[in-house]
Amino acid sequence: MQIILYLSVAVIAIAFLVLVIYLAKTLSSLQVTLTSVSTTLVGLEKQLDGVTRETTELLHKTNALAEDIQHKSESLNNVVDAVKEVGDSVRTFNGSIQNITSSVNTQVELNKDKMAQMISWGNVILELRDKYKKRKVEPVQTYTAEEPVPTKRRERGRS
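Its first residue numbered 756, the sequence shown is counted upward by one per residue in the numbering used here.
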C-alpha cells in the first residue's frame, strides 16, 4: 500500500507539474496579449487626445458661428421690420391716392356740365385769338381822299 501511496503522490506531482506548465504557457500567452492590448490602448489614448482637442476646437468654432448667426439674425430682424414699415407706408399712400382719385372722379362727375361749358368758352377764345392774329398779319389798306374806294361789282346773271 505504500507503493500505491507513492504512486498516487507521483501522479499528483506529475499532474501538478503538467498543470503548472500549461498554466505558465497560458499566462505567458496572456502576457503577450495584455502587452498588445496595452500598446493598443496607448495608441487609442493618443488618438482620443487628438480627437478631444479637435472636438474642443470644433465646439469653439460652432459657438462663434452660433453667435455670428444670432447677430446676423437680429440685424435681419431690423431689416424685416424696416421693410414692413415701408410696406405699411406704401399701403397708406396707395389708400390716400385712391381717396384722392375717388374725390376727383366725383368732382368731375358733378362738374361735367361746367367743364364742357368752360371747354367751349376756351375754344371760342382760341378762335378769337386766331382771328385777331390773322388780322394783325394782313396788311391794312388805307385809302386817301383822292383814291376812290373800290366797290364790288355785282354781275347780273342772264336768264
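Don't be surprised by glycine CBs; every beta carbon is placed ideally from N, CA and C.
Review point. If you draw a straight line from the alpha carbon of residue 756 to that of residue 767, how long is it in whole angstroms?
Key: As a first step, residue 756 must be located in the sequence shown, where it is residue number 1. As a first step, residue 767 must be located in the sequence shown, where it is residue number 12. The straight-line gap from Cα to Cα measures roughly 16 Å.
Check your understanding: Between the C-alpha atoms of residue 887 and residue 857, what's the straight-line distance to the nearest angstrom?
Key -> Against the sequence shown, residue 887 aligns to sequence position 132. Against the sequence shown, residue 857 aligns to sequence position 102. Their Cα atoms are separated by approximately 41 Å.
**Study point:** Enclosing alpha helix (DSSP H) for residue 860 [first to last residue]
**Key:** Counting from one through the sequence shown, the residue named residue 860 turns up at place 105. Counting along the chain, the alpha helix (DSSP H) containing residue 860 begins and ends at 757-865.
Review point. Going straight from the alpha carbon of residue 773 to that of residue 758, what length do you get?
Key: Taking the sequence shown and counting its residues from 1, one reaches residue 773 at position 18. Taking the sequence shown and counting its residues from 1, one reaches residue 758 at position 3. Computed Cα separation, rounded: 22 Å.
Point to revise | As assigned by DSSP and simplified to three states, the class of residue 882 | key: In the sequence shown, counting from the first residue as 1, residue 882 sits at position 127. Looking at residue 882 - three-state DSSP - the assignment turns out to be helix.
Exercise for review: With a threshold of 16 other CB atoms inside 10 Å of the CB of residue 914, please say whether the residue is buried or exposed.
Suggested key: For the purposes of this step, residue 914 is identified with residue 159 of the sequence shown, where counting begins at 1. Because the pLDDT of residue 914 is 46, which lies under 50, any placement of that residue in the model is unreliable, and the number read from its coordinates should be weighed accordingly. So residue 914 counts as exposed.
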